[in-house]
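**Student:**
Protein chains: 2
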Amino acid sequence: MPSQYTVGVDEVTVDDAFWSPWIDRNRDVTVEYQYEQLEESGTLENFRRAIDGKSGGFQGMWFQDTDAYKWIEAASYELAKADDPDLRERVDEVIDLVARAQEESGYLDTYFQLVEPENRWTNLNIMHELYCAGHLIEAAVAHHEATGERSLLDVAVAFADHVDDIFGDEIDGVPGHEGIELALVRLYRVTDEERYLDLAAYFVDLRGHDDRLAWELDNSEEIGGASWDDGALVPAEGGGSLFLDDEGEYVGTYAQAQAPVREQEAVEGHSVRAMYLYAGVTDLVAERGDEELRAALDRLWTNMTEKRMYVTGGIGSAHEHEGFTDDYDLPNESAYAETCAAVGSVFWNQRLFELEPDPAYADLIERTLYNGFLAGVGMDGEAFFYVNPLASDGDHHRSGWFTCACCPPNAARLFASLGQYCYSTTGGELYVAQYVGGSLSTTVDGTSVELDQESDLPWDGEVAVDVDADGPVAVNFRIPEWATEATVAVDGEDVSHDGSGFVRVEREWDGERVELTFGMEPELVAAHPSVEADAGRVAVERGPLVYCAEAVDNERPLHQYAVDDDATVRAAGEADALDGVTVLEADATVPALDGWDGELYRPVGETEREESDLELVPYYAWDNRESGAMAVWHRRT
Amino acid sequence: MPSQYTVGVDEVTVDDAFWSPWIDRNRDVTVEYQYEQLEESGTLENFRRAIDGKSGGFQGMWFQDTDAYKWIEAASYELAKADDPDLRERVDEVIDLVARAQEESGYLDTYFQLVEPENRWTNLNIMHELYCAGHLIEAAVAHHEATGERSLLDVAVAFADHVDDIFGDEIDGVPGHEGIELALVRLYRVTDEERYLDLAAYFVDLRGHDDRLAWELDNSEEIGGASWDDGALVPAEGGGSLFLDDEGEYVGTYAQAQAPVREQEAVEGHSVRAMYLYAGVTDLVAERGDEELRAALDRLWTNMTEKRMYVTGGIGSAHEHEGFTDDYDLPNESAYAETCAAVGSVFWNQRLFELEPDPAYADLIERTLYNGFLAGVGMDGEAFFYVNPLASDGDHHRSGWFTCACCPPNAARLFASLGQYCYSTTGGELYVAQYVGGSLSTTVDGTSVELDQESDLPWDGEVAVDVDADGPVAVNFRIPEWATEATVAVDGEDVSHDGSGFVRVEREWDGERVELTFGMEPELVAAHPSVEADAGRVAVERGPLVYCAEAVDNERPLHQYAVDDDATVRAAGEADALDGVTVLEADATVPALDGWDGELYRPVGETEREESDLELVPYYAWDNRESGAMAVWHRRT
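Respectively, the protein sequence lines represent chains A and B. Under our numbering, the letters of the first sequence match residues 1361 to 1997, in that order. Under our numbering, the letters of the second sequence match residues 1361 to 1997, in that order.
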């Protein structure tokens, strides 16, 4: 099995009218730009200075090393899909710098090596050495899987062994920013070394009942980071204050340490960290089984999806700590909904799906990919949202690159490896989980399977899948939650189904074509009555896409439109701009302006409304034209 | 004519079931507490130190002297209505300190006298010497009118003469915080010295086209205030930054200096300052006539009332500069709507009414008094809102006193002088502008008039007015804008009228009773379509009162209620608490909770609403019981 999921990046080719342009732009624009930034930002120079044994002169964020690792990971996925000598050469050059910067002991973190070597492993809370280790390991595994080479894997193994030596022995503690847990499971899967699994389990189990993070806050003068403006733990303005409650007391919530993972009831704190943690925990459960941890994951997933998630699949309501707040607290304009958190949610949900192929996980991945994630990336591949609000007054725009460049590289590694999320061979059956055109070549429980998929999503619900196998295989086709009707036919013969979940077709396959048709009537959805931000509002969905209104398409200010619960919403053709997205048009009303001359308030009985249309475009496509207000949730009349 | 309006404080006795308890609490609780604070806060000690020629040791805000002046003004209104030897004695004691602290030159400002005597008149922008002078003059005139004594008037005259010597001669400049303009007109009216009117005109005319304020910002090292933490002009955190635009350039908007007053188009900046300025300008126009200024006032009033005013009469949308923002920008939860600004609006509108008895001014005074102003004062007379939002999540509460104690004393002087606002004798006719029980004894164009009023407002629309006069007098009775029907009868005989404005009854009066009945059907009002914050929302009014919903009275969270445009709203008796206010009950719906188990988003067609009642209390009475959410604007279904 590949290190991450049951299907490897190299087993899938994406050839899809919708997704391929994104993936191509990612490869041609984003990954290239990401590489240039390694030099531009001083990331590579940090490694060079460490190689030369220099002191000081560190550039960038204190976890800047991860920029190199994330680029290697994304580039490796590209190499896994198709060799590219130029790219391979550049990857090797960067790996060479990384490898040479590693200390004899296996330690590798250029910030501490250059700035405060005496303080390594003292500030687990903020200083992110273990987070860097996680990204190093992920990059190394991806590179090894793509190329078969061990150049970076050896570095990762040495660092992981060093971490294994230190933790649980010299130090007991867990990272303030998770990520190493899932990375260690990947490392275990390519090395078969049980100790990496043990180490992942150690970090998962210790979280929430050690007092290391609290101790660091109380002993800020003894720990690393204080001399580094951006990363200083001491000042109340620094990250450390995020670990404190209103009374200045330590609470672990920010880093999911409010309770041991197996006792946690709700998704809390920084949402990217939460997703990385729970992805790692899911990996652990997959490897070792642990009913208690599994039950905790169920509770956490249920809490997230039933009480703390935007309709776009986005997560994280508050800017302050980039994370979750309270049940049903889902403000639209001030939403955080970080692009990286959407990526993390896809990571977690795919792992959950591999553990138990519940279509709900695949439905959520689809919702997140097309909406909460995709909005994070501009249609030119050059600009990104860190934050993805569901309403805007027109002042929120994508930026080229961030000082803390986490979202663009995370988007890069997801685009580059998107094929993995389309299929699964969990439990010895094949799952067609996402309808993305292309091909799959894999083995299912020893049986070779070749599959070709054509998909008209997200604009039309027509999908055709041709399957070939050298033995009988059960293939499961997902009926998306959004399908307003669904037909499934194998070789022209309808397959009966109950309209939801997976349709299982077990048989010999010899190029049979499976044709799936999913109804895509636009639908108005409401949010739970406890969601104050969406009270009296509706969102419009069509197929997997959440739609939004933008000022540029609508004559009146957006707040003036209101939509009936039973309003007709029409697919109104392709937009001239926005790569020809299907636009929607909803019957709406706006206030009549008669009688308002000289009046600010009037008896409501004297006011009237008049008919209008509300024009809608896919949420992911917003802020790609003239800037202006945007809203996902529209008033109901 | 009295110094402020055509009817003096001493000519009216308020004896009203609604207002008298407020006025009594104001006299017994607020004014007493305000006096204690003069010692507590160091205000009197500042005067004593100045008398003793000491240096330093100044306590409180740099304009702390005004606390003494405002107390004297409020106390003087009490003395005007009824002698109170104890109060008179304490007023005399405070006046004695003020008088002895005055310098030979007439200069009086204990901050500058104690802290930086060399820097007087250098920082007109922030340091408020002219603002202090304004309050001194107002107090002195009120005291003189109440007692006939000149003890404080002489001080005010000496300071005004000093200001007159300095300004326009040694210095050209206008105050950053207005107030002296209207005060100088009051001083003119009791002294008949034309130079005070000239000085008021000077300040009004210079505003907006001198560069003094800009010069101060550019020369912060040469001006006063920099050494005083709270008042420092230099730091960006200080008040000075409020005069800068986003690019750091000086803009006069904050202090209504964006353009000469006669060219101004919209109410801008700090709303209390704006009201004080426009009140002073109105006084000037009344004295001298000035068509251009008059036209400017009309434009400004129209802009405010048609585009920049809350339904409560509150003004000022933004906390940052305590003031006006853009047309139709009227956020509810983050409203500023300072209590002092409501008081200032009453000051301005009463002056406009005296200039031209348009019922719209009296209507707005009534709306402001019962809503935007009254909410600022707790029903115990001991706690105050500085800020009056129209929606709250339950975290906004009245406080006992403020470091910057501007609102409580402003409320105090308004309550203490409320009678002045009920009547006017402008243009030689009598206007019954506000329906507040009590009596009036005045002369109208030489004719003595005695009037007794009984009023059931705001709970019922029954009013009876008995009039006696020693000659024929035209008496005008206002039909309030909110009256859903109205009858006016003199001695039992109906008077015909067109249902709005003033009903004019010119005749001999010999104790005739005028009975007025105003319909008080609850009414749902909507805001102009351009007001985003109120889109799809209604407010409920009954008579002069705006109502609100409080969490304590309603089972569901407030955001779940929705009201039909034609919903029935019932007066539902008197509340057990809140001094027996009339509560309202509106037909409403709330979302059915069925079907939401485990769902965060659902097709709107599957959701249902069920009937409920929304309970409402007068807005002014909110936050006087168990704390919780509050909303003035309710969703429409």
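We treat Cβ as the ideally placed atom computed from N, Cα and C, and that holds for glycine. Bear in mind the structure is a predicted one, so any value in this text is a computation, not a measurement.
#1: Against chain A, with Cβ distances strictly below 7 Å, would B:L1960 count as a contact?
#2: Quick check on A:P1749: does DSSP put it in helix, strand or coil?
#3: By DSSP, does A:M1990 sit in helix, in strand, or in coil?
#4: Which residue's Cα is closest to the Cα of B:E1396: B:F1407, B:D1427, B:W1379 and B:W1382?
#5: Find the nearest neighbour of B:R1995 within the set B:A1895, B:N1479 and B:L1944, judged by alpha-carbon distance.
#6: Whose Cβ in chain A lies nearer than 8 Å to the Cβ of B:L1349?
#7: Quick check on the burial criterion: 16 or more other C-beta atoms within 10 angstroms. Buried or exposed for B:P1840?
#8: Near A:F1539, what residues of its chain come up, given a Cβ to Cβ distance below 6 Å and the 5 sequence neighbours on each side ignored?
#9: Relative to chain A, which residues along the region 1920–1935 of chain B have a C-beta separation below 8 Å, given in chain order?
#10: Out of A:A1701, A:R1648, A:L1712 and A:Y1670, point me to the one whose CA is closest to A:R1659's CA.
#11: How would you list, in chain order, the residues of chain B whose beta-carbon sits under 7 Å from the beta-carbon of A:P1951?
#12: Can you tell me which of B:A1932, B:A1834 and B:T1373 puts its alpha carbon nearest to the alpha carbon of B:G1788?
#13: Using only the alpha-carbon positions, how far apart do B:G1629 and B:T1685 sit?
#14: Could you tell me the alpha carbon to alpha carbon distance between B:D1973 and B:Q1920, rounded to whole angstroms?
#15: Report back the beta-carbon spacing between B:Y1343 and B:V1706 to the nearest angstrom; my notes put them in contact at under 8 Å.
#16: What residues of chain B sit near A:H1956, judged by a beta carbon separation below 8 Å?
#17: Please list the terminal residues of the continuous alpha helix (DSSP H) segment that includes B:S1808.
#18: Taking beta-carbon pairs under 7 Å, can you tell me which members of the region 1651–1681 of chain A lie near chain B?
#19: Which residues mark the beginning and the end of the beta strand (DSSP E) in which A:D1870 is found?
#20: How many whole angstroms separate the CB atoms of B:L1905 and B:P1832, which I take to be in contact at a CB cut-off of 8 Å?
#21: In the DSSP assignment, the beta strand (DSSP E) including B:L1976 goes from what residue to what residue?
#22: For B:R1385, which three-state DSSP category applies?
#23: When the cut-off is 7 Å and only beta carbons count, does B:A1991 lie next to chain A?
#24: Taking CB distances under 7 Å as the criterion, tell me whether B:G1368 reaches chain A.
#25: Hey, quick one: how far does the beta strand (DSSP E) through B:C1782 stretch, first residue to last?
#26: Quickly, what does DSSP pair A:H1630 with across the bridge? List them, please.
#27: A:W1982 and A:C1908 - do their beta-carbons sit closer together than 7 Å?
#28: Please list the residues of the region 1796–1826 of chain B that have a C-beta atom closer than 7 Å to any C-beta atom in chain A, keeping them in chain order.
#29: Since A:N1709 is in the alpha helix (DSSP H), which residue starts that stretch and which ends it?
#30: Could you give the first and the last residue of the continuous alpha helix (DSSP H) run that contains A:Y1491?
#31: Could you pull the start and end residues of the alpha helix (DSSP H) that A:D1521 belongs to?
#32: Classify B:F1326 as helix, strand or coil using the three-state DSSP reduction.
#33: For B:R1995, would you say it is in contact with chain A, using Cβ-to-Cβ distances shorter than 7 Å as the test?
#34: From which residue to which residue does the alpha helix (DSSP H) around A:F1472 run?
#35: How about A:L1953 and B:E1666: are their beta carbons less than 7 Å apart?
#36: With DSSP as the reference, please indicate the residues paired to B:D1828 in a beta bridge.
**Tutor:** Considering the structure as presented:
#1: yes
#2: It is coil, neither helix nor strand.
#3: DSSP, reduced to helix, strand and coil, places A:M1990 within a strand of the structure shown.
#4: B:D1427
#5: B:A1895
#6: With chain B covering 1361 to 1997 only, the question about residue 1349 of chain B has no answer from this structure.
#7: Label assigned to B:P1840: buried.
#8: The sequence as given places Gly at residue 1539 of chain A; Phe does not occur at that position. Excluding positions up to five away in sequence, the list reads Y1491, G1494 and Y1636.
#9: Q1920, A1922, D1925 and D1926
#10: A:L1712
#11: P1889
#12: B:A1834
#13: Computed Cα separation, rounded: 7 Å.
#14: Our two residues, B:D1973 and B:Q1920, have alpha carbons roughly 11 Å apart in a direct line.
#15: Examination of residue 1343 of chain B is not possible in this model, given that chain B is present from 1361 through 1997 alone.
#16: For the record, residue 1956 of chain A in the displayed sequence is Trp; it is not His. Those are H1888 and P1889, listed as they occur along chain B.
#17: It is not in any alpha helix (DSSP H) - B:S1808 instead sits in the beta strand (DSSP E) that spans T1807 to S1815.
#18: T1665, E1666, K1667, M1669 and V1671
#19: D1870 to F1878
#20: The pair is not a contact, with the Cβ atoms about 36 Å apart (cut-off 8 Å).
#21: R1969 to P1978
#22: helix
#23: Not an interface residue.
#24: no
#25: First-last for B:C1782: undefined, no H or E at that position.
#26: Bridge partners of A:H1630: A:G1683.
#27: Yes, the Cβ-Cβ distance between A:C1908 and A:W1982 is below 7 Å.
#28: none
#29: T1699 to L1715
#30: E1489 to T1507
#31: S1511 to I1526
#32: No statement about residue 1326 of chain B is possible, as the shown extent of chain B runs from 1361 to 1997 and does not include it.
#33: Closer than 7 Å: yes.
#34: T1470 to L1474 is the extent of the alpha helix (DSSP H) around A:F1472.
#35: no
#36: B:E1810 and B:D1870
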